[in-house]
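Going by my numbering, the first residue of the sequence shown is number 53, and it counts up by one from there. Cβ atoms here follow ideal geometry from the backbone N, Cα and C, with glycine treated the same way. As the structure is a computational prediction, the values presented were derived from the model and not from experiment.
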Amino acid sequence: MALDARLAAAAELCRPGLPVADVGCDHGKLTAALACSGLYPRVIGTDLRPGPLAKARRTVEQAQCQDRVQLRLGDGLSVLSAGEVGTIVIAGVSAQTAWQMLEAAPWVSDPGGPRLVLIPATRHDELRRWLAGHGFRLVCDRPVEAAGRWYAVMAAEYDGTCRQLTLAQALYGDTGRWPEASGYQAKQREKLAKLRLGTPDGTPAAREIDQLLKGE
Ligand SMILES: C[S@@+](CC[C@H](N)C(=O)[O-])C[C@H]1O[C@@H](n2cnc3c(N)ncnc32)[C@H](O)[C@@H]1O
């Protein structure tokens, strides 16, 4: 099953040997690729809507891996139970949709809870702030270009330590470790000018943005 660079990076971050959930699976390519890999005892593909889930079913049947796949219709993590999976992938939905799913399932912060693999479609900075503010540590924050757009493929685990991020930490995360960082960070920097327009002069936030705009 061919995956784009974004979903291929997400697949690399799933914990092998444990069941995995692909929430918002839509076309089902990631669900099928994870199942075909043989690395997971079970892959649970979920979606809010029946149409995408039917697409996923066709993909899984074509890939002939239905023996390892369960498809579930429902909202966010409501179709999963605590301790059921080692990894939850949430890819291709807005940052806000992702954190609302997580807020509705407090068991994601249980000791030894699942690894979260997240590819927000928007507002990467706000998702990083949400994760840090809710006790999740980023174990990977990889910039990936796919179909002419930049994404951040994040893996997060709960350690219970809530952190506040600076603007630079929220905007760029840990992407600086990767060779692709300059392309991703240039795209993220473009957001600063717009952010500055909505920030009153003389405030600490304005000073932080001005420093980043000057490249400090
Ligand atoms: C743009 S597709 C992303 C598909 C795939 N994960 C990817 O990244 O290529 C988003 C999918 O998420 C589903 N979705 C949106 N909100 C959801 C929710 N609250 N719970 C489950 N699925 C949801 C949509 O129905 C849609 O199929």
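Query: Any non-hydrogen atom of ligand 1 closer than 7 Å to alanine 233 Cβ; Result: no
Query: Bridge partner(s) assigned by DSSP for glutamate 209; Result: Arg189
Query: First and last residue of the uninterrupted alpha helix (DSSP H) at aspartate 262; Result: 256–265
Query: Residue ranges of each beta strand (DSSP E) within the segment 123–190, 3 or longer; Result: 139–143 and 167–171
Query: Span separating the alpha-carbon of alanine 57 from that of arginine 259; Result: 36 Å
Query: Reduced DSSP category for tyrosine 92 - H, G, I as helix; E, B as strand; rest coil; Result: coil
Query: Residues near serine 146 in its chain [Cβ-Cβ closer than 8 Å; skip 5 each side]; Result: Pro172, Ala173, Thr174 and Arg175
Query: At least three beta-carbon pairs within less than 8 Å, the segment 146–158 to the segment 116–126; Result: no
Query: Methionine 153 to cysteine 77 span [Cα, whole Å]; Result: 14 Å
Query: Cβ pair glycine 97, alanine 115 closer than 8 Å; Result: no
Query: Residues of its chain near proline 102, where Cβ-Cβ distance is below 7 Å and the 5 sequence neighbours each way are ignored; Result: Leu125
Query: Counted within 10 angstroms of its Cβ, other Cβ atoms place threonine 227 as buried (16 or more) or exposed; Result: buried
Query: Exposure of tryptophan 159, with buried meaning 16 or more beta-carbon neighbours within 10 Å; Result: exposed
Query: Any 3 or more C-beta pairs closer than 8 Å across the segment 203–216 and the segment 182–190; Result: yes
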